[in-house]
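Engineer: Supplied in structure tokens, the structure appears directly below.
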Amino acid sequence: MKQTLRLYGCILGLLLAASLRAQSLPSTRSRLELGRSKAPASTENKFKNFLFLRHAETANLDRSVTLHKNVALNDYYRSLLIAPAATRVTNTPRPQVQAESTGSATVQTEPRPVVVENLRTSEDLMFANDRIIVSNVYPNPASESAEIDYVLTSGEAKITLLNVLGTPVAEYTLDRSDRKLRIPTRTMDTGVYLYLLSLDGRKVATKKLLVRHQ
């Protein structure tokens, strides 16, 4: 009988001790987890918590690079639009240099531009190129005479006067040393004539001349 009471007392003491120990542990852990040790958190899980920071830094870096690139492009195109027209370079042919011998010395001179004083506008020109400039005949209509201003630098040039049927009435050779051709019209019948310019035997221009006697 005494042994039975003693056994009951031991069992009751063990149960009471286990109950007190369970009450002293945190309530979040079960009795099955009392003997287990908490596993350390993995490194991967730690870095997952900072993914938003890592993406934020990358996004800021990309935005910075894009911003600087756009600013550089905008500055470049702005400089092209604001650049003054005077900075644009155009290729213009340089005049040929002619050598003139004067005694023992040779002087380099540039050819002077061909100028006809009586020409006021381009409408006064009959024909012009790098060798000859010829004005239209004036006055037109003509009564006593008509004149043509010209400058001939090379080649052979002629003015041929034709009637309305195309028959030559007169022909004049332009002299390089002269600057004016005078065409007498006093003896010509009143009517419409054609004057034709030929350069080195090739017809280059044709205009009308009206002869009217008062």
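First residue of the sequence shown: 1, per this note's numbering; consecutive thereafter. Ideal placement from N, C-alpha and C gives every residue a C-beta, glycine not left out. These numbers were taken from a predicted model, which means no experiment stands behind them.
1) In angstroms with no decimal places, state the Cα-to-Cα distance between residue 152 and residue 124.
2) Taking the alpha carbon of residue 193 as the point to measure from, which residue in 179, 212, 201 and 200 has its own alpha carbon closest?
3) So, at 8 Å on beta carbons, what are the nonlocal neighbours of residue 10 in its own chain, with the 5 sequence-adjacent residues on each side left out?
4) Determine the DSSP secondary structure at residue 124, reduced to helix, strand or coil.
5) Less than 9 Å between the beta carbons of residue 191 and residue 210, yes or no?
6) Quick check on the burial criterion: 16 or more other C-beta atoms within 10 angstroms. Buried or exposed for residue 56?
7) With which residues is residue 147 paired in a DSSP beta bridge?
8) For chain B, find out if any of its Cβ atoms is closer than 9 Å to the Cβ of residue 177; answer yes or no.
9) On the DSSP letters alone, give me the boundaries of the beta strand (DSSP E) that residue 153 sits inside.
10) Can the beta-carbon of residue 172 be found closer than 9 Å to that of residue 165?
Structural biologist: In short:
1) As a working note, residue 152 is residue 152 in the sequence shown. As a working note, residue 124 is residue 124 in the sequence shown. Between residue 152 and residue 124, the C-alpha separation is close to 17 Å.
2) Walking along the sequence shown from the start, residue 193 turns up at place 193. Answer by Cα proximity: 212.
3) Locating residue 10 in the sequence shown gives position 10, where the first residue counts as 1. Hits under 8 Å: none found.
4) Mapped onto the sequence shown, residue 124 falls at position 124. Helix, per DSSP.
5) The sequence position of residue 191 within the sequence shown is 191, counting from 1. The sequence position of residue 210 within the sequence shown is 210, counting from 1. Result yes, Cβ atoms of residue 191 and residue 210 sit closer than 9 Å.
6) As a first step, residue 56 must be located in the sequence shown, where it is residue number 56. Only weak support exists for where residue 56 lies, its pLDDT of 49 falling under 50; the value from the coordinates is given anyway. Looking at its Cβ environment, which holds fewer than 16 other Cβ atoms inside 10 Å, residue 56 is exposed.
7) Walking along the sequence shown from the start, residue 147 turns up at place 147. BP columns for residue 147 point to 138 and 182.
8) The structure shown contains no chain B; it is built from a single protein chain.
9) Residue numbering aside, residue 153 sits at position 153 when the sequence shown is read from its first letter. That residue, residue 153, is in no beta strand (DSSP E); it is neither H nor E in DSSP.
10) For the purposes of this step, residue 172 is taken as the residue at position 172 of the sequence shown. For the purposes of this step, residue 165 is taken as the residue at position 165 of the sequence shown. No; because the gap between Cβ atoms is not below 9 Å, this pair is not in contact.
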